[in-house]
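Student:
This is the structure:
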């Protein structure tokens, strides 16, 4: 429906994807990678979020979507990008040079994301929040989850990474994985849908300090503050997370 959502002209995109089979689906950072037959990949950049929904053969399609992918046996799936999302089709040989994804780092839930790896990352002189959100350092952590991660670790978002003790970093590493695993188990955020259209259960009440400016800290009762940290905002307890 929207040509600007594709990396190729519509006719070329359709010609190249027609007849291909889905082999494997995985993620790299905030991108969905769909491995296809004939050594091709379909990449979905969710931008600021998206509804990627599966539809049975006779199921009514949503009113709004940018792309619809139809399977030969009847079902389909649609992509409604909330903002700046896109679908890109490219041969496997071009993946290593794909500008938007080639530098995305390992997943914080992957086996390679060890305490030792994280400590090495944090030897840099960068503010800890900026480092964790840097997709070239750790792939896939978004601003929505970082507030509670740092709060649980009792670390101010502007704290310089290489000033943190090893025990603090190991604790932070553990909390990153715990919080993200919990979010995955809950199915994401309450306003999101999974592939089959089910609403998810991670609500505002599940946050500790995130998006709760002016409310009492659940640990000490101090007032939660919203502060500016570079290009993003952060929610902190000034008592529990001292700079």
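Residue numbers (the UniProt record's numbering): 1 to 243.
Every residue, glycine too, gets a C-beta built ideally from N, C-alpha and C.
Would DSSP call residue 143 helix, strand or coil?
Tutor: Of the three classes helix, strand and coil, the one that applies to residue 143 here is helix, per DSSP.
Student: Compare the C-alpha of residue 233 against each of 27, 11, 174, 130 and name the closest.
Tutor: The candidate whose alpha carbon is nearest that of residue 233 is 130.
Student: Going by CA-CA distance only, name the one from 52, 112, 208 that's closest to residue 76.
Tutor: Closest option to residue 76, Cα to Cα, is 52.
Student: Can you give me the Cβ contacts of residue 22 inside the same chain, cut-off strictly under 7 Å, excluding the 5 residues immediately before and after it?
Tutor: Only 34, 36 meet the Cβ criterion.
Student: Using a 10 Å radius around the Cβ and a threshold of 16 neighbouring Cβ atoms, would you call residue 31 buried or exposed?
Tutor: Buried, by the Cβ-count rule.
Student: Since residue 45 is in the beta strand (DSSP E), which residue starts that stretch and which ends it?
Tutor: Run containing residue 45: 40 to 45, per the beta strand (DSSP E) assignment.
Student: By a C-beta neighbour count over all protein chains shown, 10 Å radius and 16 as the cutoff for buried, is residue 5 buried or exposed?
Tutor: Burial call: buried.
Student: For a test of the three-state rule: what should DSSP assign to residue 166, helix, strand or coil?
Tutor: Residue 166: helix per DSSP, three-state reduction.
Student: Let's see if you can read the secondary structure: which residues bound the beta strand (DSSP E) around residue 235?
Tutor: Residues 232 to 236.
Student: Among 69, 104, 127, which residue has its Cα nearest to the Cα of residue 89?
Tutor: Residue 89 has its Cα closest to that of 69, out of 69, 104, 127.
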